[in-house]
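A.B. asks: One structure is given below, represented as structure tokens, and several questions about it will come after.
Number of protein chains: 2
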Amino acid sequence: MSQKLEQFKKIMAEVTDLGRAEALLGWDQQVNMPRGGAEDRGNILETIAGLMHDKFTSSEVGELLQDLKPYAESLDPRSDDACLIKRVAHDYEKQVKVSTQWVAEFAKETTTSQSVWEEAKANNDFELFRPHLEKVVELRRQYADFFKPWDHVYDPLLDDFEPGLKTKEVKDIFGKLRPQQVELLKAIAGKPVIDDSFLHIPYDEKGQWDFGVDVITRFGYDWNRGRQDKAVHPFTTGFGIDDIRITTRFDPERAASALFSTMHEGGHALYEQGINHTLARTPLATGTSMAVHESQSRMWENLVGRSKPFWKFFYPKLVKLFPSQLGNVSLDAFYKGINKVEPSLIRVEADEATYNLHVMLRLELEIALMEGSLVVKDLPEAWNARMKDYLGVVPAKDSEGVLQDVHWSTGSIGYFPTYALGNLVSSQLWEKINQDIPNLEAQIEQGKFDELLSWLRVKIHQHGAKFEPQALVKEVTGSTITPEPYIRYLKTKYSEIYNL
Amino acid sequence: MSQKLEQFKKIMAEVTDLGRAEALLGWDQQVNMPRGGAEDRGNILETIAGLMHDKFTSSEVGELLQDLKPYAESLDPRSDDACLIKRVAHDYEKQVKVSTQWVAEFAKETTTSQSVWEEAKANNDFELFRPHLEKVVELRRQYADFFKPWDHVYDPLLDDFEPGLKTKEVKDIFGKLRPQQVELLKAIAGKPVIDDSFLHIPYDEKGQWDFGVDVITRFGYDWNRGRQDKAVHPFTTGFGIDDIRITTRFDPERAASALFSTMHEGGHALYEQGINHTLARTPLATGTSMAVHESQSRMWENLVGRSKPFWKFFYPKLVKLFPSQLGNVSLDAFYKGINKVEPSLIRVEADEATYNLHVMLRLELEIALMEGSLVVKDLPEAWNARMKDYLGVVPAKDSEGVLQDVHWSTGSIGYFPTYALGNLVSSQLWEKINQDIPNLEAQIEQGKFDELLSWLRVKIHQHGAKFEPQALVKEVTGSTITPEPYIRYLKTKYSEIYNL
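So this is what it looks like as structure tokens:
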């Protein structure tokens, strides 16, 4: 059996290596690649992806799993080996159920639909995108059917991002969350508008870069095992536990954008840098789910980065870097400015009080599309109606509404809810952390994050993808994903800021 | 047969894709990778190299070649298909002799030894590097043994860079060349020392970067299909014909270093960017040999870049960028300064009259290491002794001696002689070019390089690796590699500069 386990790990190591190569090809594509490189890059990525898929779904892996699954039952269920076998078996059994023909058709259609979406967004032309989105929805229904019987057609899609999570659970969570967020938003709408004009004047890029670097260095980001570059869309990626890179972007008149983006990506990176080295070169050497990953990025970005204690320490430094922009802005005014609530059209620019509403809207529309209770033709109307209901604003054009996100054109249905779930998990963890580290606020006021990071390392990071997200969250916080802590957090924070 | 050819090309495309991925992993390692990434990078490279080797040396390729080789005989021998089959057959027959285990071990060891070399060089610590170099030499001996019987243990290594060339031939060529270079050096040593002090004062990096970019842009380097970055050791690499990248380095008090390095790498890149797109995703989409490659880089760096006509055009621009450094230096003084002959420690900074002596020293040491007549432990001493003999200077520390070049840490034994051979080929080509373009000097004086580049595109670049190096050089110049044109060039140039 130990020989079989060795062979199994050898194949998984090679699959992981290919995935890392693929990640580097993708990072370079977004950070460095000259325009001319696109065609060859596509071919290289296709070849690597094909080899990786063939290797992972080979009959050899299937046969090894047949023997290793019963063996895993005999192991400590928390051991690396047991977790590795279990996770790979889950992914293997999913991947082999999908027909090669479907994979090819999906790859072809989403390549086309991505470029059509770009054109449709640029020209505000939903009709151009419509037939392609219809095809994507149809393909995603076929995809779900490979996994019948399911409780809900959306389950297999959600499971790709949140292993084990069910549509019913997500609906229950958001069912509790939504009315409370809408209510909070209405209360804020009756209060005076916060002035954040000082955030919308020019800030030079070098100062923004240096400040962001200082912040995430203090968070604990290890520059010997990572680096930061610029990219059009910020992201985090890695080529091994000891090479986890982040990217950021600068908008000279939206200083807050780069700063919080750097903290956000830094949070993702801290997770990946904290994975136990015993998991290196296995599929477990990554975050366990998109929601748990997002809980880390949102925690550093929002619960830490938009808090009063954080700015008590950092604001004098920021003022020193940008005296002409901030010299006359008090700490209190700055804190309120970066936490201003303002219902807007674009998800990626939304504040904490409105962000989840953007996500819930998308989730509901995705579920309706998958169920067939909504057809693509009626999607813009449904989008705009929900925007009015939840946020009180309606896009004047589809490019600022239903066409704003790339996700559906890439076939990523099931991804959106993880953004909101990440917010909820971040608050669940935060309540627990503050119980375990009673003077955390005081530490943050002194620019000290080592105890916080240690806590996250021990409770979350080190485990990589060993445990399913709901099990991990429950183990650490005593409950599976639940909206109450996030609601408490929002109410407390905005009651103080808006004097509710 | 056409079905077999298609299948053959499909496999070669995948092998080429994997090679491109490997190249990107290597580029990133030298340009971007944080130190922590080294171990994982080694594993990834090992996996990719193993897969590439398995794919290229598969029995399927062997069987296809059995059928395709006779078919190639029926084709126009200059056709892409005939050349592809012939070249792959040559490489296949070589590679199947090498074990997969060796390939993987070599990839892993050289990844480690590269990082160690960087540290050893930075800390002037040969002992740190020694065990790794010993391992590299041992692995290279094992490699040579796969090809027994050979005339010389060094032959199989040389053949990797210059297909078909024998150690004996190289010794013969250098045997003619060396006494003439030594004689020239002695004649120059009796002449007054040229003042080049203006090259050894601070020049800011941005000005150096901008000037280098201007020069290679005028040469014809296509920035939509490439980019320049900084690296410890400048090099050129590519991830497709349309993504050919160069690197450079800056020494604030040696302005000439970055400038000529940029022209040198630009010359390599022009070759790769000029390959015919019909060869894309085949093993022919690269230069045909290292010597021919080096003929291109050295031509742009020296025959163009260190010539009087070149500086008639560019010197006023340089003076404008660096008025305080060069405002009082005449064109003639500058021209003599950049062509000053001065035996020195560092190969990459050596002048044209001494450069080949650095190469010959390395060649002799490599041969001795491979033969076993020299052990790695004694290498620094042997290095220093030869430096004294050939160049009359001895490094005070190994970082300026035996540790100066990256090559051995990457396992590239057999590579060095191609640098000197490249010089010879560049002069052979230059004599021919000046026959075909009689007013070339006048064009260069006007900063015009399009006719020169077109000539190189037609005669050399477009063919990629279709023709063997000796055949190509003979076809274009009428002779295989020979030292006479280079000797004529050196004598003419330095007679004028040094008034010999």
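Going down the list, the sequences are from chains A and B. So the first sequence is numbered by the numbering used here: it starts at 1 and just counts up by one. So the second sequence is numbered by the numbering used here: it starts at 1001 and just counts up by one. Even for Gly, the Cβ is constructed at its ideal location relative to N, Cα and C. Computed from a predicted model, the values in this text were never measured in an experiment.
Along the stretch 1019–1033 of chain B, what residues have a CB closer than 9 Å to any CB found in chain A?
C.D. replies: Listed in sequence order: ARG1020, ALA1021, GLU1022, LEU1024, LEU1025, TRP1027, ASP1028, VAL1031, ASN1032, MET1033.
A.B. asks: How would you list, in chain order, the residues of chain A whose beta-carbon sits under 9 Å from the beta-carbon of ASN1123(B)?
C.D. replies: The CB of ASN1123(B) never comes closer than 9 Å to any CB in chain A; the least such distance is about 17 Å.
A.B. asks: Using C-beta distances below 7 Å, list every residue in its chain close to PHE1449(B), excluding the 5 sequence neighbours before and after it, in chain order.
C.D. replies: Same-chain partners within the cutoff: ARG1218, PHE1219, GLY1220.
A.B. asks: By Cβ distance below 6 Å, which residues in the same chain neighbour GLY1422(B) in space, the five residues on each side in sequence not counted?
C.D. replies: Answer for GLY1422(B): ALA1291, GLU1294, SER1295, ARG1298, listed in chain order.
A.B. asks: Mind pulling the chain B residues with CB within less than 8 Å of GLU39(A)?
C.D. replies: Those are GLY1240, ASP1242, listed as they occur along chain B.
A.B. asks: Which residues of chain B have a Cβ atom closer than 7 Å to the Cβ of LEU51(A), listed in chain order?
C.D. replies: LEU1051
A.B. asks: Out of MET387(A), LYS9(A), LYS186(A), PRO283(A), which has the shortest C-alpha to C-alpha gap to HIS90(A)?
C.D. replies: PRO283(A)
A.B. asks: Taking only beta-carbon atoms, is ARG457(A) less than 8 Å away from chain B?
C.D. replies: no
A.B. asks: Taking only three categories from DSSP, how would you classify LYS397(A)?
C.D. replies: For LYS397(A), the three-state secondary structure derived from DSSP is coil.
A.B. asks: Please confirm whether PHE313(A) and ILE444(A) have their CB atoms less than 8 Å apart.
C.D. replies: yes
A.B. asks: Report the residue from GLN446(A), ALA465(A), LEU440(A), LYS466(A) whose alpha carbon sits nearest the alpha carbon of SER454(A).
C.D. replies: LEU440(A)
A.B. asks: Tell me the start and end of each unbroken alpha helix (DSSP H) in the stretch 1161–1222 of chain B that is at least 4 residues and wholly inside, in chain order.
C.D. replies: Scanning the stretch 1161–1222 of chain B for uninterrupted alpha helix (DSSP H) segments of 4 residues or longer gives 1167–1189, 1205–1219, listed from N- to C-terminal end.
A.B. asks: Report the option in LEU1452(B), LEU1424(B), ALA1420(B) whose CA atom is closest to the CA atom of ASN1434(B).
C.D. replies: LEU1452(B)
A.B. asks: Below 8 Å on the Cβ atoms is my contact criterion, and I expect GLY1523(B) with GLY240(A) to pass it. Report the Cβ-Cβ distance as a whole number of Å.
C.D. replies: Nothing can be reported for residue 1523(B): it is not among the residues displayed for chain B, which extend from 1001 to 1500.
A.B. asks: Roughly how many whole angstroms lie between the Cα atoms of ASP1155(B) and PHE260(A)?
C.D. replies: 59 Å
A.B. asks: In chain order, what residues of the same chain lie with their CB nearer than 8 Å to the CB of VAL1103(B), ignoring the 5 residues before and after it?
C.D. replies: ALA1049, GLY1050, HIS1053
A.B. asks: Mind pulling the chain A residues with CB within less than 9 Å of ASN1224(B)?
C.D. replies: Correct list: PRO34, ARG35, GLY36.
A.B. asks: State buried or exposed for LEU500(A), treating a residue as buried only when at least 16 other CB atoms are found within 10 Å of its CB.
C.D. replies: exposed
A.B. asks: Shorter than 7 Å, the distance from the beta carbon of ASP1378(B) to the closest heavy atom of the ligand GTP, or not?
C.D. replies: With respect to the ligand GTP, the structure shown offers nothing to examine, as it has no ligands at all.
A.B. asks: Against GLU14(A), what residues of chain B qualify as contacts under a CB-to-CB distance less than 7 Å, listed in chain order?
C.D. replies: THR1047
A.B. asks: Measuring only between beta-carbons, confirm whether ASN1043(B) sits less than 8 Å from chain A.
C.D. replies: Yes, its Cβ sits closer than 8 Å to a Cβ of chain A.
A.B. asks: Do LEU139(A) and ALA353(A) have their C-beta atoms closer together than 8 Å?
C.D. replies: Taking 8 Å as the Cβ cut-off, LEU139(A) and ALA353(A) do not qualify as a contacting pair.
A.B. asks: Buried or exposed: ASN1328(B), going by 16 or more other Cβ atoms within 10 Å of its Cβ?
C.D. replies: In the assembly as shown, ASN1328(B) is an exposed residue. Its beta-carbon has fewer than 16 other beta-carbons within 10 Å.
A.B. asks: Grab the span of the beta strand (DSSP E) containing ASP1076(B) for me, first residue to last.
C.D. replies: Where ASP1076(B) is concerned, there is no enclosing beta strand (DSSP E), given that its DSSP letter is neither H nor E.
A.B. asks: Quickly, what does DSSP pair THR1237(B) with across the bridge? List them, please.
C.D. replies: ARG1245(B)
A.B. asks: Quick one: Cα of SER409(A) to Cα of ILE85(A), how far?
C.D. replies: 33 Å
A.B. asks: So which residues on chain A does ARG1249(B) lean against when the C-beta distance must stay under 7 Å?
C.D. replies: Those within 7 Å of ARG1249(B) in chain A number zero; the least Cβ separation is about 18 Å.
A.B. asks: Would you call the CB atoms of ILE413(A) and GLU484(A) closer than 8 Å?
C.D. replies: Not in contact: ILE413(A) and GLU484(A) (Cβ atoms no closer than 8 Å).
A.B. asks: Taking the Cβ atom as the reference point for each residue, do MET1370(B) and VAL1153(B) lie within a distance shorter than 8 Å?
C.D. replies: In this structure, VAL1153(B) lies closer than 8 Å to MET1370(B) by Cβ.
A.B. asks: Please list, in chain order, the chain B residues whose beta carbon lies closer than 9 Å to that of ARG227(A).
C.D. replies: ASN1032, MET1033, PRO1034
A.B. asks: If you run the structure through DSSP and keep just helix, strand and coil, what is GLN404(A)?
C.D. replies: coil
A.B. asks: In the DSSP assignment, find the alpha helix (DSSP H) that holds ASP145(A) and state where it starts and stops.
C.D. replies: Residues 126–145.
A.B. asks: Under a CB-based cut-off of 8 Å, is ARG1281(B) close to chain A?
C.D. replies: Output row for ARG1281(B): interface = yes.
A.B. asks: Under 7 Å between beta-carbons, which chain A residues line up against ASP1054(B)? List them in chain order, please.
C.D. replies: Those do not exist, as ASP1054(B) stays about 11 Å from chain A at its closest Cβ, beyond 7 Å.
A.B. asks: Flag this pair as touching only if the stretch 241–252 of chain A and the stretch 200–215 of chain A have three or more C-beta atom pairs under 8 Å; answer yes or no.
C.D. replies: yes
A.B. asks: Please report the Cβ distance between ASN43(A) and ARG1141(B), rounded to the nearest whole angstrom; I am assuming they are in contact, meaning their Cβ atoms lie under 8 Å.
C.D. replies: That belief does not hold up - the Cβ atoms of ASN43(A) and ARG1141(B) are roughly 37 Å apart, past 8 Å.
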